[in-house]
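For reference, the structure is listed below as structure tokens.
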Amino acid sequence: MKIIGTGSALPARQVTNDEISQFLDTGDAWICPRTGIHSRHVISDEQIEDLAVEAAQKALDMAGLGAKDIDFFICSNVVSEHVTPGLSCIVAAKMGICCPMIDINCACPGFIYAMDIAETYFQAGKVERVLIVCAEEPSRMTSWEDRSTCVLFGDGAGAAVFARGDKLKAVKLNAQPDPDKICEYRTLMPTPFVTKQEESTPLLMQGREVFRFAVTTSVRDISGLVERCGLTLDQVNWFMIHQANLRIVDAIREGLGVEAERFPTNIADHGNSSSASCPILLDECNRKGMFKPGDVLVFSAFGAGLLSAAAVLEW
7 MKIIGTGSAL PARQVTNDEI SQFLDTGDAW ICPRTGIHSR HVISDEQIED LAVEAAQKAL
67 DMAGLGAKDI DFFICSNVVS EHVTPGLSCI VAAKMGICCP MIDINCACPG FIYAMDIAET
127 YFQAGKVERV LIVCAEEPSR MTSWEDRSTC VLFGDGAGAA VFARGDKLKA VKLNAQPDPD
187 KICEYRTLMP TPFVTKQEES TPLLMQGREV FRFAVTTSVR DISGLVERCG LTLDQVNWFM
247 IHQANLRIVD AIREGLGVEA ERFPTNIADH GNSSSASCPI LLDECNRKGM FKPGDVLVFS
307 AFGAGLLSAA AVLEW
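Take any residue in the sequence shown, note its place counting from 1, add 6, and you have its number in my numbering.
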């Protein structure tokens with residue numbers, strides 16, 4: 007398969023580190039050196055489905071397609087106000103998409119997991135065009151009294167349209183089940199029969215362990231996947247890394263021995279937008295004209311689960 011359109015959308019409200027310092031014992035001097043983040047976009051009066059629709063429409067417009075031209079729709083989302091139906095159905099109803107659709111929750115690697123699912127459908131001869139939308143609002147998952155987590159995240163949506171082709175060269179998916187490393191628990195509606203103690207918790211993250219997992223798996227996955235494709239790291243034009251933390255991205259780059267110029271970032275102004283991170287970065291780079299035909303892009307993402315994924319794609 008190949009990419010024929012990209013899109014992204016961000017909330018209007020942008021919160022700086024200095025604004026956060028007004029209600030938390032932190033600020034730019036503490037946040038930026040540890041994360042590389044200066045500000046992040048957060049949902050205020052928007053709905054997550056509206057950001058998803060905007061990103062999807064931009065991708066369709068770039069591809070020169072309409073909603074009814076899509077054969078399969080994959081939506082990646084960790085949390086939203088909608089328990090059921092899935093966010094894909096909410097977005098589809100607003101856009102007039104009528105094809106089969108699924109929702110996935112693979113946390114931050116969701117875009118790459120969705121690409122792997124899409125490729126399976128292409129290989130089976132079931133589809134001609136697939137829309138992937140990753141829409142996330144992690145700012146609604148954290149406690150804004152916890153400076154170690156709330157400063158990391160930003161909201162947004164990214165999308166890509168895929169058509170039949172041979173540009174996706176390889177994908178690697180991994181799981182290292184360790185759910186307590188990044189987790190959030192929310193209670194369900196009460197019943198007369200539930201006797202166990204239940205309590206909702208905000209997003210909890212064991213930062214050092216997650217950092218180690220992210221760097222180790224990303225370096226391993228990228229190196230192995232590039233080699234499997236018969237390429238060298240020198241032949242990769244762009245490393246599209248999940249924008250979790252600039253220190254993580256830098257550690258991955260150093261582990262691979264690659265110069266910074268091939269590692270585009272947007273975390274300074276966006277923060278960590280979970281599965282939307284990679285497609286937002288992809289769209290922004292695409293619209294800047296950074297990619298040339300034949301360029302080799304390597305994607306790598308990691309997150310709750312613990313899950314990780316990597317992909318090699320030719321532009």
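The beta carbon of each residue, even a glycine, is placed where N, CA and C say it ideally should be.
Beta-carbon gap between residue i and residue j smaller than 7 Å
{"i": "Ala141", "j": "Ile54", "result": "yes"}
{"i": "Arg46", "j": "Val21", "result": "yes"}
{"i": "Tyr119", "j": "Ala315", "result": "yes"}
{"i": "Arg218", "j": "Phe245", "result": "no"}
{"i": "Ser279", "j": "Gly162", "result": "yes"}
{"i": "Ile43", "j": "Ile80", "result": "no"}
Residue i to residue j span [Cα, whole Å]
{"i": "Thr193", "j": "Pro285", "result": "31 Å"}
{"i": "Thr207", "j": "Glu190", "result": "6 Å"}
{"i": "Ser149", "j": "Met211", "result": "12 Å"}
{"i": "Ala130", "j": "Phe159", "result": "37 Å"}
{"i": "Gly13", "j": "Ile103", "result": "17 Å"}
{"i": "Ala257", "j": "Val167", "result": "31 Å"}
{"i": "Leu30", "j": "Lys8", "result": "45 Å"}
{"i": "Asp301", "j": "Val177", "result": "17 Å"}
{"i": "Met296", "j": "Asp152", "result": "37 Å"}
{"i": "Asp184", "j": "Gln249", "result": "21 Å"}
{"i": "Ser283", "j": "Val157", "result": "16 Å"}
Extent of the continuous beta strand (DSSP E) to which residue i belongs
{"i": "Ile10", "result": "Lys8 to Ala15"}
{"i": "Cys156", "result": "First-last for Cys156: undefined, no H or E at that position."}
{"i": "Met85", "result": "Per the sequence shown, the amino acid found at residue 85 is Val instead of Met. Unbroken run through Val85: none, as it is neither H nor E."}
{"i": "Ile96", "result": "Ile96 -> not in any beta strand (DSSP E); alpha helix (DSSP H) instead, spanning Leu93 to Met101."}
{"i": "Asn180", "result": "Leu174 to Ala181"}
Assumed close pair residue i, residue j - CB separation to whole angstroms, cut-off 8 Å
{"i": "Leu179", "j": "Asp122", "result": "6 Å"}
{"i": "Met101", "j": "Ala62", "result": "6 Å"}
{"i": "Val85", "j": "Met147", "result": "6 Å"}
{"i": "Gly309", "j": "Ala113", "result": "4 Å"}
{"i": "Lys175", "j": "Cys105", "result": "Incorrect: roughly 26 Å between the Cβ atoms, too far for contact."}
Residue range of the unbroken alpha helix (DSSP H) whose run includes residue i
{"i": "Pro208", "result": "Counting along the chain, Pro208 falls outside any alpha helix (DSSP H), though it belongs to the beta strand (DSSP E) covering Thr207 to Met211."}
{"i": "Thr126", "result": "Gly116 to Gln129"}
{"i": "Trp36", "result": "Asp34 to Thr41"}
{"i": "Arg293", "result": "Ser283 to Arg293"}
{"i": "Arg259", "result": "Leu252 to Leu262"}
{"i": "Gln63", "result": "Ile54 to Ala69"}
{"i": "Ile273", "result": "Ile273 to His276"}
For this session: Please confirm if the stretch 56–74 is in contact with the stretch 302–318, defined as three or more CB-CB distances below 8 Å between the two stretches.
Result: As far as the Cβ criterion goes, the stretch 56–74 does not touch the stretch 302–318, which means the pair count is below three.
For this session: Could you tell me whether the stretch 219–231 touches the stretch 252–262, using the rule of 3 or more Cβ pairs below 8 Å?
Result: Yes: at least three Cβ pairs fall under 8 Å.
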